[in-house]
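There are 2 protein chains.
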Amino acid sequence: MPKLGMEPIRKAALVKATIVEIGRAGSLDVTVSQIAKRAGMSSALAHHYFGSKEDMFLAAMRHILSLYGAEVRGALAAAGDAPEARLQAILRASFSPGNFRREAVGAWLNFYVLAQTVTEARRLLSVYQRRLRSNLMSDLRLLVGPRAPAVAAALGALIDGVYLREALKDGPPDSAAAVAVVMEFLTTELGKQS
Amino acid sequence: MPKLGMEPIRKAALVKATIVEIGRAGSLDVTVSQIAKRAGMSSALAHHYFGSKEDMFLAAMRHILSLYGAEVRGALAAAGDAPEARLQAILRASFSPGNFRREAVGAWLNFYVLAQTVTEARRLLSVYQRRLRSNLMSDLRLLVGPRAPAVAAALGALIDGVYLREALKDGPPDSAAAVAVVMEFLTTELGKQS
DNA sequence: AAGTTTATTGACTCGTCAATCAACAAAAAG
DNA sequence: CTTTTTGTTGATTGACGAGTCAATAAACTT
Numbered sequence: 000m001p002k003l004g005m006e007p008i009r010k011a012a013l014v015k016a017t018i019v020e021i022g023r024a025g026s027l028d029v030t031v032s033q034i035a036k037r038a039g040m041s042s043a044l045a046h047h048y049f050g051s052k053e054d055m056f057l058a059a060m061r062h063i064l065s066l067y068g069a070e071v072r073g074a075l076a077a078a079g080d081a082p083e084a085r086l087q088a089i090l091r092a093s094f095s096p097g098n099f100r101r102e103a104v105g106a107w108l109n110f111y112v113l114a115q116t117v118t119e120a121r122r123l124l125s126v127y128q129r130r131l132r133s134n135l136m137s138d139l140r141l142l143v144g145p146r147a148p149a150v151a152a153a154l155g156a157l158i159d160g161v162y163l164r165e166a167l168k169d170g171p172p173d174s175a176a177a178v179a180v181v182m183e184f185l186t187t188e189l190g191k192q193s
Numbered sequence: 000m001p002k003l004g005m006e007p008i009r010k011a012a013l014v015k016a017t018i019v020e021i022g023r024a025g026s027l028d029v030t031v032s033q034i035a036k037r038a039g040m041s042s043a044l045a046h047h048y049f050g051s052k053e054d055m056f057l058a059a060m061r062h063i064l065s066l067y068g069a070e071v072r073g074a075l076a077a078a079g080d081a082p083e084a085r086l087q088a089i090l091r092a093s094f095s096p097g098n099f100r101r102e103a104v105g106a107w108l109n110f111y112v113l114a115q116t117v118t119e120a121r122r123l124l125s126v127y128q129r130r131l132r133s134n135l136m137s138d139l140r141l142l143v144g145p146r147a148p149a150v151a152a153a154l155g156a157l158i159d160g161v162y163l164r165e166a167l168k169d170g171p172p173d174s175a176a177a178v179a180v181v182m183e184f185l186t187t188e189l190g191k192q193s
């Protein structure tokens, strides 16, 4: 009983299922059948809409990164002009419960691995890193002047590191704790002992 | 022409080959045959000495972590008693060219992924993290007192994050740059603007 | 109504790979 | 010098999984 206009619905379901399955498995070793099953369709249909497994992975990556981008953009728009507030907004968005869920974090780690072999995945991650860096820099320049590049590099790496450790630890993710770890660095760096 | 006492030699060759192959491939998707070939033997022999592929991976992990542990221990022994010097020693050891080679960094990232699925791998990583934390804490307590736990958490995550970014970027690894990123954080945190 | 496009799947192909086995060789033990 | 232990491999097994295909059906077009 084929309804028309299924394509976007199916694709969205597959993207979501891909992220969940990668997060569950904790690796890219998930079969197209697993993903398709979770999305409620046959593996053949998954291949019909995305040409290949790799394309599914890339679509899932784009989805996660675009969610993240939207979250940051929104937080920045609501943060006004004060550089400290903007930096805090970026950090809170980075660890907002939306991005900082088990499956998302597990998937994210595996996208780093994917970027080792798949050029397009690497490109996507680079774009995200550059955007983050440029966001951080514009506010840091106003606050720490010439030390901005070094601070931005450390902040970027620190965010990734917190994600990495979250993927390893057991128990539910803790946004607040993650933000606290990064804020420890940031407040000291800005010279205001909280 | 079988020489006797091959076991340790073969095992060492396999461990080394495992690390290289994982680093090259940028994923755990390496075949036992590839590893065995690089180590100069048949895949059957690899299975003979290690019971399974997973055992090879774990042996490789233990090897990398024990190299790292030895490096840190050595650096600490040579660092005297001054807490600042000891912290610097840990950082420099963490990014010493011995650990901070392409293959090792690539393999290390993939061991994080392995830890998602293989309990023993997770255990090994936890041990390493606990040891690092305890090393950092003992010196940080003397320097930043009650803030030691927070600073140690951030430092640990930062080190992992720098590794992670190293795995993604192209071009040869740069120990000095990596140390500089972390030192930016540490010197500010210790209150001495370099 | 006939033809075309879209949705959907079960069955199949084809390759890959971990793990096992049978067999052979050389050294050590008796 | 025979028996056991250690080292070694080519060939094989058995499973699994990505991607293809033919077939079926509902909807849209003319």
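Protein chains in written order, with numbering that gives the first Met the number 0: chain V, 0 to 193; chain F, 0 to 193.
All C-beta atoms in this analysis are idealised placements derived from N, C-alpha and C, irrespective of residue type, glycine included.
A direct Cα-Cα distance of roughly 11 Å separates residue 30(V) from residue 56(V). Counting along the chain, no alpha helix (DSSP H) covers residue 190(V), and no H or E run does either. Contact annotation: in the stretch 52–86 of chain F, no residue has its CB less than 8 Å from a CB in chain V. CA-CA distance, residue 177(V) to residue 106(F), rounds to 26 Å.
Counting every other CB atom within 10 Å of its CB across the protein chains shown gives residue 183(F) a total of 16 or more, marking it as buried.
Residue 71(V) is positioned such that its CB atom lies no closer than 8 Å to that of residue 166(V).
Taking a Cβ-Cβ cut-off of 7 Å, the neighbours of residue 26(V) in chain F comprise 112, 115 and 116, given in sequence order. Assigned with DSSP and collapsed to three states, residue 71(V) falls in helix.
Residue environment: residue 4(F) is assigned as exposed (fewer than 16 neighbouring CB atoms within 10 Å of its CB, all protein chains considered).
In this structure, residue 163(V) lies near residue 160(F), with their beta-carbon atoms less than 8 Å apart. Taking a C-beta distance under 8 Å as the contact criterion, residue 123(F) and residue 112(V) do not qualify as a contact pair. In the three-state DSSP reduction, residue 99(F) falls in the coil class, being neither helix nor strand.
Within the same chain, Cβ atoms closer than 8 Å to the Cβ of residue 128(F) are found at 155, the five residues on either side in sequence being excluded.
The Cβ-Cβ distance between residue 94(F) and residue 174(F) falls below 8 Å. In the DSSP assignment, residue 9(F) falls within the alpha helix (DSSP H) that extends over 6–24.
Residues 155 of the same chain have their beta carbon placed closer than 7 Å to that of residue 131(V), with the five preceding and five following residues left out of the count.
For residue 164(F), the enclosing alpha helix (DSSP H) starts and ends at 147–167.
Each residue's CA atom was taken as its position, placing residue 91(V) and residue 44(V) some 38 Å apart. The three-state reading of DSSP puts residue 49(F) in coil, since its state is none of H, G, I, E or B. DSSP, reduced to helix, strand and coil, places residue 65(F) within a helical segment of the structure shown. In terms of CA proximity to residue 8(F), 49(F) leads the group 49(F), 32(F), 22(F) and 26(F). For residue 138(V), the enclosing alpha helix (DSSP H) begins and ends at 118–143.
The closest CA to that of residue 99(V), considering only 186(V), 11(V), 18(V) and 76(V), is found on 18(V). Residue 138(F) is classed as buried because its beta carbon has at least 16 other beta carbons within 10 Å across all chains shown. Within the same chain, and ignoring the five residues on either side of residue 96(V) in sequence, the residues whose Cβ sits closer than 7 Å to its Cβ are 174. For residue 98(F), not one C-beta of chain V is nearer than 8 Å to its own C-beta.
Judged by their CB atoms, residue 14(F) and residue 62(F) are nearer to each other than the 8 Å cut-off. Taking 8 Å as the CB threshold, residue 6(V) stays off the interface with chain F. Listed along chain F, the residues sitting closer than 9 Å to residue 183(V) by beta-carbon distance are 146, 149, 150, 152, 153 and 188.
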